[in-house]
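Worksheet for the structure shown next.
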Amino acid sequence: MTDPQNPGVDVEYRTLPAIPDLLAQYGKAALGSVPVVGGSRDGNSMPATGVEVSGVRVDVANLAAYARVCGLRLGNALPLTYPFTLAFPLTMQLMLDPDYPVAAMGSVHLFNEIESRRPLLVDDELTIRARAENLREHPSGLLVDIVTEITTGDDDEPAWRQRSGMLSKRRTSLTPPKDAPRPPKPEAPTASEIGDPTVVKSVDEGRISEYAAVSGDRNPIHVSKVGAKAFGFPNVIAHGMWTAGTLLSAVEGGIPERARYSVEFGKPVVLPAKLGVYARRGGAGGPAWDLTVRNPRKLGTVHATATIEEL
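Take the sequence shown: its position 186, counted from the start at 1, is 1169 in the working numbering, and no numbers get skipped.
Structure representation (structure tokens):
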């Protein structure tokens, strides 16, 4: 088929019989992170094809548990971020491909952009496809985009589309020299400058363990103190997409039916934590919402920034 975002570019998809088992994939990812002499992960290759699964149905009990752990309403329309959990095993399948340029384990979810052109409904039968593209250098490493599209019925136009930026940390030609002076940190805003948070949320290991069970994302940095410390964190951290889902709870009822939801992840949320969610209406000609998650005790610590735009 032709990529609708890049006319003239043909994308071949390999059909999988079912959604892959995410827990088994993490076992393979752990093995794939061990250096192997003659290994193919050279930082240059990319999977030649995407992957797709048809006939996917929503598990209503899982959806209800997702809504509960993210503080969202349960309704007939899926929350903007819920399809990420359905599609994430396909992302992992791509990252486990021998031609994927870097090891899956240790990759950082840097940003996420979701476009919803019509709400996905509980009773919809879904076709989910994913591909990797746009390998490029970043000051902190190598960045790859995973593009996921979901169609329903006989429609060719995706109802839901997302782009996830996955970063593998390493030195590149864009990395500043080790002796380069660090740019000065901006002054932290004051409470009077940014106003009161829309809501303050508490999150602990129990809630994130519940999200891991609901989403299937049991990356060690989210469920194991030992695993988190192995990657340089003092304790387990919250999933970025839990934060993205929880942000939406502050503006439910004000999200356009056709929407673009763009999130950039900042400082990891080390558990336990309190989060100040700042939701501000956009101005004329701008996004519908500007959203920020800050540490309410250290306002200069930003965990995520986001916008919701009407398409």
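Backbone N, C-alpha and C fix where the C-beta goes; we use that ideal spot for every residue, glycine too.
Asked, Found
"Sequence-distant residues of the same chain with beta carbon closer than 7 angstroms to Gly1124, five excluded per side", "Leu1150, Ser1151, Lys1152, Arg1153, Thr1155"
"Beta-ladder partner(s) of Thr1110, from DSSP", "Thr1134"
"Alpha helix (DSSP H) runs contained entirely in the segment 1137–1195, provided each spans 4 or more residues", "1174–1177"
"Cβ distance (whole Å) where Phe1248 is taken to contact Phe1094 below 8 angstroms", "7 angstroms"
"Rounded straight-line distance, which links the Cα of Thr1135 to that of Pro1141", "8 angstroms"
"Assumed close pair Val1260, Val1182 - CB separation to whole angstroms, cut-off 8 angstroms", "5 angstroms"
"Buried versus exposed, by CB contacts within 10 Å (16 or more), Asp993", "exposed"
"Assigned exposure category for Lys1168 - 16 Cβ within 10 Å defines buried", "exposed"
"N- and C-terminal bounds of the alpha helix (DSSP H) containing Val1043", "1043–1053"
"Residue range of the unbroken beta strand (DSSP E) whose run includes Phe1248", "1242–1248"
"Sufficient close CB pairs (3 or more, under 8 angstroms) joining the segment 1102–1113 to the segment 1056–1074", "yes"
"Alpha-carbon spacing of Glu1116 relative to Ser1175, whole angstroms", "43 angstroms"
"Assigned secondary structure, Pro1018 (DSSP; H/G/I helix, E/B strand, else coil)", "Confidence at Pro1018 is low in this model, with a pLDDT of 45, below 50, so the placement of that residue should be treated as unreliable; the coordinate-derived value is given next. It is coil, neither helix nor strand."
"Local Cβ density within 10 Å of Glu1235, reported as buried at 16 or more and exposed below that", "exposed"
"According to DSSP, residues forming a beta bridge with Lys1257", "Ser1185"
"Host beta strand (DSSP E) of Ala1211 (start-end)", "Where Ala1211 is concerned, there is no enclosing beta strand (DSSP E), although the alpha helix (DSSP H) it sits in stretches over 1208–1213."
"Pro1030 vs Tyr1083 beta-carbon contact at 7 angstroms", "yes"
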